[in-house]
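**Student:** If you use our numbering, the sequence shown corresponds to residues 309 to 608, in order.
Supplied in structure tokens, the structure appears directly below.
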Amino acid sequence: MDNFGPISGVHASFQNVQRTNPFKKTSYSNILSLNFFYFVNQNRRELQSCCNATQDLVLTKEHMKVGETFTYEMENKRTRVVDEALYEMFPETLGHCAVVGNGGILRNSSCGEQIDQADFVFRLNLPPLNYTADAGTKTDLVTANPTILFNLSYARKPFIERMKAYGHAQVLMPAFAYAFCTELSFRVYFTLQDFNLQHVSFFHPGYISKLHKYWRNKRLTPTRLSSGMILVNVAMELCSEVSLYGFWPFPYDLSGQPLIHHYYDNQPATPGMHAMPLEFLNLLQMHRKGILKVNIGKCL
């Protein structure tokens, strides 16, 4: 256990996650039940007051008009005016939602069936869907990182074949995080439109900026929140219940066994951009309050 680094001091706390199911019916007193709903509703109110995913998650025709100006998420001196072409790209409360991370903890978890039973399933960064037993296949919304799509202009066919696996899922992209993301995201939008595949929506940069401010006030200060953390916050506003799978940013599981980085490969993350362990600790705290459920280990 000595080589666990950041997880050594909180190992016992993580073990408690496996024994805690905030959605399981118990014989707790009415007071504890009231506390559960208090924490859930308080957290939802805080997020709605701060960031309002219900209205501001994506750029839509309802909330943006031709001629309006908005600011890029990570380049706050750069602005963009909504013209007719951009406006036409915009699209005109859920039950139990599953947010599926890509962590290696999901490998051999047998969580696929449980994930696919959710009313709405969020996935991150176009993961492969051929790990059915562990990760399921149902996808209602999937994020796409523009940096993995640099070659789209040269080889559209492999990209199209890859996207067919996601059916009619909504594709969500940070087109206005950095200037270089814009053209890549537009390329994806028109490519999928040309082949009558998924519809692409764009994160509203104002929403992401407000979400960053919300978490900075809670002392979570990465360069940028991870895609997983962003979608967890979205789900907490939009869904009545939120279950997380594949969220575990450490190289070892609870029993000390080594893990691959993703459930589908061992490609390491780019260092310095995100603060995954700190994000996870915040998710764990919300699990303990019953705001969401963190699934670690096998699904029985």
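We put the CB at the ideal spot given by N, CA and C, even for glycine.
Which residue or residues does DSSP assign as beta-bridge partners of Val479?
**Tutor:** Val479 is bridged to Val450 and Val508.
**Student:** What are the boundary residues of the beta strand (DSSP E) that includes Arg388?
**Tutor:** Residues Thr387 to Val389.
**Student:** Please state if the CB of Thr377 and the CB of Val390 are separated by a distance shorter than 9 Å.
**Tutor:** Yes, the Cβ-Cβ distance between Val390 and Thr377 is below 9 Å.
**Student:** Give the DSSP bridge partners of Cys405, in chain order.
**Tutor:** Bridge partners of Cys405: Phe428 and Val550.
**Student:** Apply the 10 Å Cβ neighbour rule to Phe430 and answer buried if 16 or more other Cβ atoms are within range, or exposed otherwise.
**Tutor:** Phe430 is buried by the Cβ-count criterion.
**Student:** So Asn349 packs on Gly554, CB below 8 Å; how close in whole Å?
**Tutor:** Asn349 to Gly554, Cβ: 27 Å. No contact.
**Student:** Straight-line CA distance for Thr328 to Gly536?
**Tutor:** In this prediction, Thr328 has a pLDDT of 49, which is less than 50 and means its spatial position is unreliable; what the coordinates show is noted afterwards. In a straight line, the C-alpha of Thr328 is about 22 Å away from that of Gly536.
**Student:** Could you name the residues that DSSP lists as bridge partners for Gly411?
**Tutor:** DSSP, once it has assigned bridges, lists His570 as partnering Gly411.
**Student:** Give the range of the alpha helix (DSSP H) segment to which Phe378 is assigned.
**Tutor:** Taken as a continuous stretch (DSSP letters only), Phe378 belongs to no alpha helix (DSSP H), being part of the beta strand (DSSP E) at Thr377 to Thr379.
**Student:** Note down the Cα distance separating Pro530 from Pro513, rounded to an integer number of angstroms.
**Tutor:** Looking at the two C-alpha atoms, the distance is approximately 17 Å.
**Student:** Suppose you measure from the CA of Arg352 to the CA of Glu392; what does that come to, to the nearest Å?
**Tutor:** Roughly 35 Å between the two C-alpha positions.
**Student:** Using alpha carbons as the reference points, say which of Val602, Cys419, Tyr346 and Cys607 lies closest to Val550.
**Tutor:** Minimum Cα distance to Val550 is reached at Val602.
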